[in-house]
Amino acid sequence: RDRDVTGVQTCALPICSAHDAAMRRSREWQFVVEVALENFRGSPKVPAWQWAAENVWLDEKMAATPGFFDPDFTPWTKEIHESPLNPATRLVAFMKPSRSGGSEAGFNILRWMPGNWPGNAGICFPEDKQGRDVTKRRISDSLKRSNESRISADPHDTGLSNIYLRNMMIKMGPSGSARLFTEWWARYFMLDEIEEHSTNDSTTTWERALSRQVDVPDSLLYALSKPKRAGGPIHVRSEEHTSELQSHHDL
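With our numbering applied, the sequence shown corresponds to residues 114 to 364, in that order.
Right, dumping it as C-alpha cells:
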C-alpha cells in the first residue's frame, strides 16, 4: 500500500489479490462452490412422485413393465411421496400388501433427496442378504442414473452398504447392524418390513432410528410392515407406549 493513501481510499481497494482471483477461477475452487450450492437448498416445491415421473426409469428388474415411474398406477402413495414437503410430518407408517408401491415410494424419496432435500439417509432391512439384493436391483443403479452428477466416480463410494454423494450419505443394512444406528445423523430413515426386524437388542429399530433424528428438526421416519399371516400382531414400541396393529387378509 502507498503510505499516502487515505482511510476512505483504503476501504475502496480490492480485498482479493491477483493470486486469489486466479484461485477462484481454478477447477478446485469451482468444485467447492458447486458442493456448497448442492448443500444449501431452499424448501422443495416439487413432490417426489412428480419428480420420479420424469427422472426414475424402472427397468425389468424393478417393474413388470419397464418405463418411467407412473404415479397414477399407485395413486395412494402420492401422500407418502409428499410427506417431506410438510415439516410437521415426522412419521409415516404404512401397513402394505404385496406390490402396493409402498417400498417404491420410499425409494423415490431417497432418489429425490439429493437434488431437492439433501441430508443423510438410512434404509434398514430385516436381513443382510435381502438388503444387498434390494440395494443392487432397485436402489444403486437408479440412484446413479437420476443423480449422475452428484455421485462419486470412485467405485468404493458406491457399494451395497454405503453410497456417498456430494451433499449426503446413504447407509443400507440389516436390522441387527450397529453401524446404522451409531455415530451419524439421518434426515430420512426407512424401515422396511419392520415386523421381521431383529428383536435381539434391548431397543427396537424404530427407537434406534429415532435416536439418529433427535437433533434434525424436519426429519422423516418411514416405517413399512408387511404382515405374513392374518391376525398376526405388529408391535411398535417406544418409551411412551406399545401399539399393536392387526393384519388382515383384505389389506
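Each residue gets a CB set at the ideal place from its N, CA and C atoms; glycine is no exception.
Secondary structure at Phe302: strand, using DSSP grouped into helix, strand and coil. Rounded to whole angstroms, Lys249 and Leu273 show a C-alpha spacing of 7 angstroms. Per DSSP, the continuous beta strand (DSSP E) segment holding Pro287 begins and ends at Met282 to Pro287. Residue burial is scored here from C-beta neighbours: Glu308 has at least 16 other C-beta atoms within 10 angstroms and is therefore classed as buried. Of Gln143, Asp246, Ile193 and Ala161, the smallest CA-CA separation from Ser259 is found for Ala161. The beta carbon of Asp328 sits closer than 8 angstroms to those of Trp298, all from its chain and outside the five residues before and after it, given in chain order. Closest option to Thr312, judged by alpha-carbon separation, among Asp254, Glu240 and Arg300: Glu240. Judged by beta-carbon spacing, Gly219 lies beyond the 8 angstroms limit of Leu293, meaning their Cβ atoms are not closer than that value. Cβ contact annotation for Thr202 (same chain, cutoff 8 angstroms, sequence separation greater than five): Ser196 and Leu333, in chain order.
No residue range can be given for Leu198, since it is assigned to no alpha helix (DSSP H) and is classified by DSSP as neither H nor E. The C-beta distance from Leu256 to Arg224 rounds to 6 angstroms, short enough to meet the 8 angstroms contact threshold. Beta-bridge pairing by DSSP links Ser338 to Met208. Under the rule that a run must span 4 or more residues, the alpha helix (DSSP H) segments found entirely inside the stretch 214-247 read 215-229 and 241-247. Its chain contains Ala206, Leu304, Ile307 and Trp319 as the residues whose beta carbon lies nearer than 7 angstroms to that of Ala336, once the 5 sequence neighbours on both sides are disregarded; these appear in chain order.
In the DSSP assignment, Asn168 falls within the unbroken alpha helix (DSSP H) covering Ala161 to Asn168. Beta-bridge partners assigned by DSSP to Asn275: Lys284. When rounded, the separation of the alpha-carbon atoms in Val145 and Ser315 is 43 angstroms.
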